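Student: Residue numbers (my numbering): 4 to 221. The C-beta atom is built at its ideal place from N, Cα and C for all residues, glycine as well. Since this is a predicted model, take the numbers as computed values, not measurements. Quick one: structure below, then a few questions.
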């Protein structure tokens, strides 16, 4: 998987201040094994799930909300296991929203490094509630939003159970039609970047990098 790299000058050239980049590479996603919902980190398309000790430890203090059938939201603290985070109180029929907001600053790498970025990772399973960068579906329509507003002309990647990927682009309303051809778990990814300089844990950054996944079983 490759990250799209851009210079600060290229970022400044985007009038809107937003960038829609390659949504591939590592992400968080949720799976329901019929007993509970579990949070994974890795690359679903490559069947790669990071472990602890290891890169799973790089996910810092994720928070989660479990939403029951009545719409009641209950904050919970994910529990780090060897190969995933267990989501307490999550059962079949619950929706789960996860946010990992305390991720370390991404340092520039290579001869032509990308701008220093601060990562914000999200994952959704089921309907209800909202995330800063969110994917929701109605029938065969996906809707991508950022801070409650449509994320137009942004790439969305649908990853099938066998690792097959389909790349789509949202319209002006932040919407795109989709279909799921086979049974199993689909993970839908989207990434949105914002030029919003700041500082985190004493380190400056130029870009906010937001990534979300939406898990759907067919």
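What do you reckon, are the CB atoms on residue 127 and residue 119 nearer than 8 Å?
Tutor: Going by C-beta atoms, residue 127 is not nearer than 8 Å to residue 119.
Student: Across which residues does DSSP place residue 102 in a beta bridge pair?
Tutor: Partner(s): 66 and 125.
Student: For residue 222, which residues in the same chain have their Cβ closer than 6 Å to its Cβ, ignoring the five residues on either side in sequence?
Tutor: No answer is possible for residue 222: it lies beyond the span of the chain, which begins at 4 and ends at 221.
Student: For residue 26, name the three-state secondary structure that DSSP assigns.
Tutor: The pLDDT assigned to residue 26 is 40, lower than 50, so where the model puts this residue is not dependable; a value taken from the coordinates is nonetheless given after this. DSSP places residue 26 in coil when its eight states are reduced to three.
Student: Which class does residue 60 belong to by DSSP, given the choice of helix, strand or coil?
Tutor: Looking at residue 60 - three-state DSSP - the assignment turns out to be helix.
Student: What are the boundary residues of the beta strand (DSSP E) that residue 90 is part of?
Tutor: From DSSP, residue 90 is part of no beta strand (DSSP E); its letter is neither H nor E.
Student: Could you name the residues of the same chain whose beta carbon sits closer than 6 Å to that of residue 221, not counting the 5 residues immediately before and after it, in chain order?
Tutor: Excluding positions up to five away in sequence, the list reads 183 and 186.
Student: Quick one: what's got a C-beta closer than 8 Å to residue 178's C-beta in the same chain, skipping five residues either side?
Tutor: Excluding sequence neighbours, residue 178 sits near 144, 145, 146, 147 and 153.
Student: Would the region 162 to 174 count as touching the region 132 to 143 if we require 3 or more Cβ pairs under 8 Å?
Tutor: The region 162 to 174 vs the region 132 to 143: no contact.
Student: Do you know offhand how far residue 20's Cα is from residue 194's?
Tutor: Confidence in residue 20 is poor, its pLDDT being 34 and thus under 50, which makes the residue's placement too unreliable to answer from.
Student: Compare the Cα-Cα distances from residue 156 to each of 214, 176 and 165 and report the closest residue.
Tutor: Here the closest residue by C-alpha is 176.
Student: Quick check on the burial criterion: 16 or more other C-beta atoms within 10 angstroms. Buried or exposed for residue 218?
Tutor: Answer is buried; the Cβ neighbour count reaches 16.
Student: Residue 38: buried (16+ other C-beta within 10 angstroms of its C-beta) or exposed?
Tutor: That one is exposed.
Student: Look at residue 214 and residue 124 and say whether their C-beta atoms are less than 8 Å apart.
Tutor: Contact flag set, yes.
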